[in-house]
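In the UniProt record's numbering, the protein residues as written are 1 to 171. Data first, discussion second: the structure below is written as structure tokens.
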């Protein structure tokens, strides 16, 4: 299912409520413009739509969970990052102003763009592979842990004051 419903389908539904539980797959092409996500796996979307014919609005409750593969902030290796979110969205068949209201295109409520936006909001700013023991290094550079850097910096003497070590007070 494409997670699209027409106004007629909503009117025909019993009590004007439609429940859904779908597994989604996102092709690599859909993620081409988002380098912070390498792939999405096992994405499951469930929830229900409620159509209010007086207001010409559709109220949607969404529950989304799955696994996104993101790059490790240190090694750039793939890291599986589980995510889960819930959201309540409002769609309107009328032209309304408001940040929290999605305008329906024609007589169709389409959830996929909203679901994709919600998934993008779950992308972590930084993710480090669990159990990382060896940090990358190369010719003249290396990645060090912050605590190692702080310890080394504390032991290091300011070069402007290094000459004072040679100073001896004669009694």
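All C-beta atoms, glycine included, are put in the ideal place defined by N, C-alpha and C.
> In terms of alpha-carbon separation, which member of 115, 123 and 89 lies closest to residue 24?
Replying inline: 115
> Bridge partners of residue 83, per DSSP?
Replying inline: 66
> For residue 77, which option in 9, 69 and 146 has the closest C-alpha, if you only look at C-alpha atoms?
Replying inline: 69
> Terminal residues of the continuous alpha helix (DSSP H) containing residue 150?
Replying inline: 146-155
> In this structure, does DSSP put residue 160 in helix, strand or coil?
Replying inline: helix
> Does the Cβ of residue 10 have 16 or more other Cβ atoms within 10 Å, making it buried, or fewer, making it exposed?
Replying inline: buried
>> At the level of alpha carbons, what is the spacing between residue 136 and residue 144?
In response: 9 Å
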